[in-house]
Amino acid sequence: MALNQGLKLDEHSLITSKLMKKHGAASADAADAGELRIRSAELALVLNLAEQGFIRKDPAAGVVHNLAGRLHELRRKASPAVWQELIPIAQEHRVAEYLLADPFTRWSFEKPRGYSGDASLLDIYYKHPSADDIVQSSPPLGREIYAYTSEAASSVAGRERRAILARTVDETAARTDSAEVLAIACGHLREAELSSALRQGELKRWVGLDQDPISVGTVNRDLAGTGVEAIDGSVRGILRRAYKLGTFDLVYASGLYDYLPRAIGVRLMQRAMELVRPGGDFLFANFSDEITTDGYMETFMDWPLILRSADDMWGIINASVDRNTVDAEVYYGSNRNIVYGKVRKRATGGH
Ligand SMILES: C[S@@+](CC[C@H](N)C(=O)[O-])C[C@H]1O[C@@H](n2cnc3c(N)ncnc32)[C@H](O)[C@@H]1O
Numbered sequence: 447m448a449l450n451q452g453l454k455l456d457e458h459s460l461i462t463s464k465l466m467k468k469h470g471a472a473s474a475d476a477a478d479a480g481e482l483r484i485r486s487a488e489l490a491l492v493l494n495l496a497e498q499g500f501i502r503k504d505p506a507a508g509v510v511h512n513l514a515g516r517l518h519e520l521r522r523k524a525s526p527a528v529w530q531e532l533i534p535i536a537q538e539h540r541v542a543e544y545l546l547a548d549p550f551t552r553w554s555f556e557k558p559r560g561y562s563g564d565a566s567l568l569d570i571y572y573k574h575p576s577a578d579d580i581v582q583s584s585p586p587l588g589r590e591i592y593a594y595t596s597e598a599a600s601s602v603a604g605r606e607r608r609a610i611l612a613r614t615v616d617e618t619a620a621r622t623d624s625a626e627v628l629a630i631a632c633g634h635l636r637e638a639e640l641s642s643a644l645r646q647g648e649l650k651r652w653v654g655l656d657q658d659p660i661s662v663g664t665v666n667r668d669l670a671g672t673g674v675e676a677i678d679g680s681v682r683g684i685l686r687r688a689y690k691l692g693t694f695d696l697v698y699a700s701g702l703y704d705y706l707p708r709a710i711g712v713r714l715m716q717r718a719m720e721l722v723r724p725g726g727d728f729l730f731a732n733f734s735d736e737i738t739t740d741g742y743m744e745t746f747m748d749w750p751l752i753l754r755s756a757d758d759m760w761g762i763i764n765a766s767v768d769r770n771t772v773d774a775e776v777y778y779g780s781n782r783n784i785v786y787g788k789v790r791k792r793a794t795g796g797h
């Protein structure tokens, strides 16, 4: 996929770290030279320690755990502008060669689909059978690192998110006959494999929409004959009301808000609520600002996310809907690495 830096994040979603940076707080500020010197020295120490650990053949889990923790601390201490300067320094350090043996880190960094956070990357940390070959063909050090990165709290939270989505669909089916469901930015829709409602034929339809035609094709191939239908479509198209989708008992977006600036997130939620029937739900998930893998992700995985707190989620909800017309809740997953916002359109009044 060719990059077009002129596109914005609400358009055909060429999510790249460069594009994310353009939207980040750091873009406006120049890094302070004095701070940059100090933080660069701290970074060099952190990276050299990790490299020495690999050279000594220390257990990879400990090496990567310490590295990720130190990068998290450094990211927290550094001003946003200085942190942005540190990212390429880390990526060019010799230790990257060891870390890129990990299939998860490598896929994220290399971006075979041309953008960050594609559905095959998620398959790798979902431990989905379709990613077995990628993991098994990695060198022993890579598999050892993967045993750690795939069990990091953010990966565990991502797998829980998949289960929460399936449970939410099942709950919708339990309270609504012939329920209709829409997944925005569906990726490979792997949650469908966990849904008992889908297995038992209780849904009228489950529509998935994604900007990546490879993912759309994968869903339509893997879930053919189940009532699932995936279509090519973008957030931009939804904002423009470009698709005749009908209405749904559940609309959700998982792994999408992490890339959307607040203003676009608000507009998307407003459009999504137009697609929700009275009594139906809109659910959105976001990696939380409590994750500690952020420094490692932004450097060696080249995978920046817009992290949000419960307050940020409430901010999006309150800016999107008239609170007299909905019942809303915000909650964390079990290890607080992902935060969820759920809005139910009241059966009477409003919208
Ligand atoms: C991290 S994956 C999430 C996949 C799936 N929802 C899940 O939770 O496993 C992000 C997905 O969002 C899609 N995406 C990103 N930006 C988009 C946009 N602007 N419009 C439509 N899809 C988008 C990507 O193609 C990718 O499949």
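Note that my numbering has the sequence shown beginning at 447, numbered continuously upward. A virtual CB, placed ideally from N, CA and C, is assigned to each residue, including glycine. Please read all numbers here as calculations on a predicted model, not as lab measurements.
In angstroms, rounded to a whole number, what distance separates the CA positions of D748 and A565? Numbered from 1 along the sequence shown, position 302 holds the residue referred to as residue 748. Numbered from 1 along the sequence shown, position 119 holds the residue referred to as residue 565. Cα to Cα, the separation comes out at about 16 Å.
Since G563 sits in a beta bridge, which residues does DSSP pair it with? Residue numbering aside, residue 563 sits at position 117 when the sequence shown is read from its first letter. Paired residues: none, contrary to the question.
Short of 6 Å in beta carbon distance, which residues of its chain neighbour E736, apart from the five on each side in sequence? Order them along the chain. One-based indexing of the sequence shown puts residue 736 at position 290. These residues qualify, in order along the chain: R782.
Return the chain-ordered ranges of every alpha helix (DSSP H) run that is complete within the stretch 583–624 and spans a minimum of 4 residues. You should have 586–595 and 599–621.
Would you kindly report the start and end of the unbroken alpha helix (DSSP H) that includes L489? As a first step, residue 489 must be located in the sequence shown, where it is residue number 43. Where L489 is concerned, the enclosing alpha helix (DSSP H) stretches over A479 to I501.
Report the rounded CA-to-CA distance for A577 versus D569, giving the unit in angstroms. Reading the sequence shown from its first residue, position 131 is the one you call residue 577. Reading the sequence shown from its first residue, position 123 is the one you call residue 569. Taking the straight line from one Cα to the other gives about 6 Å.
Look at the alpha carbon of L517 and the alpha carbon of I752, and state the distance between them as a whole number of angstroms. Within the sequence shown, numbered from 1, the residue matching residue 517 stands at position 71. Within the sequence shown, numbered from 1, the residue matching residue 752 stands at position 306. Each residue's Cα considered, the two are about 17 Å apart.
Is it buried or exposed for R607, if we count other Cβ within 10 angstroms and need 16 for buried? Indexing the sequence shown from 1 puts residue 607 at position 161. Burial call: buried.
Any heavy atom of ligand 1 closer than 6 Å to the beta-carbon of D658? Numbered from its first residue, the sequence shown carries residue 658 at position 212. A heavy atom of ligand 1 is found nearer than 6 Å to the CB of D658.
Do you know offhand how far A603's Cα is from I501's? Counted from its first residue, the sequence shown places residue 603 at position 157. Counted from its first residue, the sequence shown places residue 501 at position 55. One C-alpha to the other measures close to 31 Å.
So within the stretch 640–724, which uninterrupted alpha helix (DSSP H) runs reach at least 4 residues, ignoring any that extend past its ends? Those alpha helix (DSSP H) runs which fall completely within the stretch 640–724 and span 4+ residues are 642–645, 659–668, 681–685 and 708–720.
Does any heavy atom of ligand 1 sit closer than 6 Å to the C-beta of L714? Within the sequence shown, numbered from 1, the residue matching residue 714 stands at position 268. A distance criterion of 6 Å places the beta-carbon of L714 beyond contact range of ligand 1, judged by its closest non-hydrogen atom.
At a cut-off of 6 Å, is G563 close to ligand 1 when judged by its beta-carbon and the heavy atoms of the ligand? Along the sequence shown, one-based indexing puts residue 563 at 117. Look at G563: its beta carbon is less than 6 Å from one of the heavy atoms in ligand 1.
Reduced DSSP secondary structure (H/G/I, E/B, other) of G788: Position 342 of the sequence shown, counting from 1, holds the residue named residue 788. A quick correction: the sequence has Lys, not Gly, at residue 788. K788 falls in the strand class under three-state DSSP.
Rank V772, F746 and E675 by C-alpha distance to the C-alpha of P549 and give the top, closest one. Start at 1 with the first residue of the sequence shown, and residue 549 comes out as number 103. That would be F746, whose Cα lies nearest to the Cα of P549.
Are there 16 or more other CB atoms within 10 angstroms of the CB of E648, so buried, or fewer, so exposed? Residue 648 sits at position 202 when you count from the first residue of the sequence shown. With at least 16 other beta carbons inside 10 angstroms of its own, E648 counts as buried.
Evaluate E538 with the Cβ neighbour count: other Cβ atoms within 10 Å of its Cβ, from every protein chain shown; 16 or more gives buried, anything less gives exposed. Translated into positions along the sequence shown, residue 538 becomes position 92. The C-beta of E538 has fewer than 16 other C-beta atoms within 10 Å across all chains shown, which makes the residue exposed.
Output the distance between the C-alpha atoms of Y742 and R682, rounded to the nearest integer angstrom. Here residue 742 corresponds to residue number 296 of the sequence shown, with the count starting at 1. Here residue 682 corresponds to residue number 236 of the sequence shown, with the count starting at 1. Distance between the alpha carbons of Y742 and R682 is about 30 Å.
Any beta carbon of chain B sitting closer than 7 Å to that of V615? Here chain B cannot be found, since the structure has a single protein chain.
E519 - containing alpha helix (DSSP H), residue span: The residue labelled residue 519 in the question sits at position 73 within the sequence shown. Element bounds for E519: A506 to K523.
Over the uninterrupted alpha helix (DSSP H) stretch that includes A774, give me the two end residues. Here residue 774 refers to the residue found at position 328 when the sequence shown is read from its first residue. Annotation: A774 is outside any alpha helix (DSSP H); the continuous beta strand (DSSP E) that includes it extends over V772 to Y778.
Considering only their Cβ atoms, is the gap separating V615 from S641 smaller than 7 Å? As a first step, residue 641 must be located in the sequence shown, where it is residue number 195. As a first step, residue 615 must be located in the sequence shown, where it is residue number 169. One thing to note: S641 has its Cβ within 7 Å of the Cβ of V615.
Among D704, G787 and A599, the one whose alpha carbon lies nearest that of V697: Along the sequence shown, one-based indexing puts residue 697 at 251. Among D704, G787 and A599, the Cα nearest to that of V697 belongs to G787.
Is there contact here, the stretch 686–703 with the stretch 714–728, by at least three beta-carbon pairs under 8 Å? By the Cβ criterion, the stretch 686–703 is in contact with the stretch 714–728, since at least three pairs of Cβ atoms, one from each stretch, lie closer than 8 Å.
If you run the structure through DSSP and keep just helix, strand and coil, what is N781? Position 335 of the sequence shown, counting from 1, holds the residue named residue 781. Coil, per DSSP.
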